[in-house]
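See structure below.
Numbering (full-length UniProt numbering), first residue to last: 1 to 240.
Here's what the structure looks like:
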């Protein structure tokens, strides 16, 4: 909608500039007709006076006057040509604005348009990493997504993540509702390559998934302690 309104505004401004240029052309033609009429009148007057001189009615020699007038006209034409050469830059500026202005606006809008229209993320077609809510978060706008502790989420791939709001990630819940969530309110579910156990990674630390119904989680030290206790109990069982 914004692109269409901008296009129509640029098109109307371009047509108005063309209308002004057309009116200037018509005005130039009108002045040309007026000047040509004056030239015809002067020519007829010169012919009339020349005939009067040839018939002996007129006393002045208009041939000499014609020579002097031609000399004066040539001098004035030289001055006018120099003046027109000096004043050609306003016309060039006007033409450059008339043709270059709409082109520059079109290029500017075409460069800004891909950033304004972003590709929509479809979780079913392009799944991302699984995450879990660490704390309760309540959305304050339609763009945000409410999250509760221990709620399973899916984080969008990197190309769909917003670049203009740091500290927020795009995610969806079990109901496939998509919105922005604070990155410090969620943790990414990871799987250990050695033990195959699932743990939560948050701010570079490993956490053990919390018990259902509780928001607290054990840190990586607790995970190591539980592993050590399990190994010690297995050794005692083997010795017994």
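Here a beta-carbon is modelled for each residue, glycine too, at the ideal position from N, C-alpha and C. Since the structure is predicted, the reported quantities are computational estimates derived from the model, not experimental observations.
- Beta-bridge pairing by DSSP links residue 168 to 182.
- Segment contact: the segment 190-201 against the segment 135-145, fewer than three CB-CB distances shorter than 8 Å; contact not assigned.
- When only Cα atoms are considered, residue 150 and residue 13 end up about 57 Å apart.
- With respect to the 7 Å criterion, residue 155 and residue 184 are not classified as neighbours on the basis of their beta carbons.
- Looking from the CA of residue 123, the closest CA among 179, 41, 28 and 40 belongs to 179.
- Residue environment: residue 200 is assigned as buried (16 or more neighbouring CB atoms within 10 Å of its CB, all protein chains considered).
- Taking a contact as a CB-CB distance under 8 Å, the pair residue 145 and residue 160 does not count as one, their CB atoms being some 14 Å apart.
- A Cβ-Cβ separation of about 5 Å places residue 98 in contact with residue 17 under the 8 Å criterion.
- For residue 198, the closest C-alpha among the options 89, 6 and 132 is that of 132.
- DSSP lists 132 as the beta-bridge partner residues of residue 187.
- With contacts defined by Cβ atoms closer than 7 Å, residue 153 and residue 173 form a contacting pair.
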